[in-house]
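Everything on this sheet refers to the single structure shown next.
In my numbering, the protein residues as written are 135 to 341.
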């Protein structure tokens, strides 16, 4: 590996990481699934593979195609906004009406629908127009500046995504002791509700 290739890869890693480290709908969902220890591998894989695909499209120069379909981005924004607001309302309901015995336990963590978690994760990942604009367009344009090293930049961004989602999903289990108390789940669900409703509202306002 040449010095230029390594520099491009590190730049891609830093760019990808900076785009990911923020309190957003997807991160809040991954955190909650990780804390519950439920469908973590599937959720992390969906997020990482989706990011890798979108980054690859951006590096390949698909960004111009994305911006040429404003109507499609608007439709995605409306669907994604409604979905996030609905998910936020359900989280708020858990805060106001906590389910008895909802504290994190080995049995409770294994409960629930893995299929539902997968579908929810797919919706949060792909029904967000900012994913296409930020990941495909922004990363793609930054990669293009690297010329022949654009794929090294893209690989760095993909590795940043993989590192982030694995750390978030599996690192959340460190909160197990804290989340053994029902009140802690209400705080986490409150954060999730606020994040989802805010992000959903912003998508609807901009659609």
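Note that beta-carbon positions come from the ideal geometry of N, C-alpha and C, so glycine has one too.
Since the model is a prediction, treat every value here as computed from it, not as a measurement.
Taking the CB atoms as reference points, tell me whether residue i and residue j lie closer together than 7 Å.
| i | j | result |
| --- | --- | --- |
| residue 294 | residue 151 | yes |
| residue 219 | residue 331 | yes |
| residue 292 | residue 186 | yes |
| residue 296 | residue 176 | no |
| residue 153 | residue 214 | no |
| residue 193 | residue 274 | yes |
| residue 168 | residue 287 | no |
| residue 144 | residue 269 | no |
| residue 329 | residue 162 | yes |
| residue 259 | residue 184 | yes |
| residue 223 | residue 324 | no |
| residue 138 | residue 336 | no |
| residue 302 | residue 164 | yes |
| residue 232 | residue 320 | yes |
| residue 217 | residue 159 | no |
| residue 322 | residue 263 | no |
How should residue i be labelled, buried or exposed, when 16 other C-beta atoms within 10 angstroms of its C-beta is the threshold for buried?
| i | result |
| --- | --- |
| residue 334 | buried |
| residue 317 | exposed |
| residue 298 | buried |
| residue 142 | buried |
| residue 311 | exposed |
| residue 149 | buried |
| residue 191 | buried |
| residue 155 | exposed |
| residue 281 | exposed |
| residue 340 | exposed |
| residue 250 | exposed |
| residue 140 | exposed |
| residue 290 | buried |
| residue 315 | exposed |
Handout entry: Given 8 Å, three or more beta-carbon pairs between the segment 155-175 and the segment 305-315
Key = yes
Handout entry: 4 or more residues per run - each alpha helix (DSSP H) lying fully within the segment 284-332
Key = 284-305
Problem - Those runs of the alpha helix (DSSP H) which lie wholly inside the segment 152-206 and span at least 4 residues - result: 159-170, 174-193, 197-201
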